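Residue numbers (the working numbering): -2 to 140.
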């Protein structure tokens, strides 16, 4: 075992992707993991899990990516995946105002499970469809 490894143990971070159905959570993860995009829609059933090890300048990290289903029938499963997450990525579709307005509900779910002991990232997805944008660029959750 090298001295560098002993001084820099592998750090693990759990990222849970949340948002309404068909906002593109799986597409974001697929692009990050495989640098590919599939135009056909296939709903996530329950939850999917992927892991990626990244080698940075001074450490190695493992990202655990949890892809949740956006359908209401799977909503009851979500708290158990949020519970031990490091980061919650809340995704909305810029062409769908309802998906944006529902982000407050997803953020509330995260706060109820984790309090302030989690990083929450809000991601507006499908920016390639800017001509169909419904959510304003400078919009806010309060408007």
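Think of the CB as a built atom: it goes at the ideal place given N, C-alpha and C, for glycine as much as any other residue.
Here the structure is a predicted model, which means the values were calculated and not measured.
Please list, in chain order, all residues of the same chain as residue 136 whose beta carbon is under 8 Å from its beta carbon, the five residues on each side excluded.
With a pLDDT of only 49 at residue 136, under the threshold of 50, the placement of this residue in the model should not be trusted; the figure read from the coordinates follows. These residues qualify, in order along the chain: 97.
Is it a yes or a no for the segment 5 to 19 touching the segment 73 to 85, going by three-plus beta-carbon pairs under 8 Å?
yes
Which residues DSSP lists as bridging residue 159, in chain order:
For the chain, the structure presents residues -2 to 140; residue 159 sits outside this window and is missing.
What first and last residue would you give for the beta strand (DSSP E) that runs through residue 132?
Premise fails: residue 132 is in no beta strand (DSSP E) and is neither H nor E.
Can you give the Cα-Cα distance for residue 72 and residue 66, rounded to whole angstroms?
8 Å
For residue 119: DSSP bridge partner residues
87
Tell me which residues share the same chain as residue 63 and place their Cβ nearer than 8 Å to its Cβ, disregarding the 5 neighbours each side in the sequence.
11, 12, 13, 14, 44, 45, 46, 78, 82
Counterpart residues of residue 58 in DSSP-defined beta bridges:
8, 51
With burial defined as no fewer than 16 other Cβ atoms inside 10 Å of the residue's Cβ, what is the status of residue 110: buried or exposed?
buried
Label residue 31 either buried or exposed according to how many other C-beta atoms from any shown protein chain fall within 10 Å of its C-beta, with 16 as the threshold for buried.
exposed
Three-state secondary structure (DSSP) of residue 111
helix
Can you look up residue 104 in the DSSP assignment and give me helix, strand or coil?
helix
Using alpha carbons as the reference points, say which of 37, 128, 6 lies closest to residue 50.
6
What number of angstroms, rounded off, separates the C-alpha of residue 113 from the C-alpha of residue 58?
23 Å
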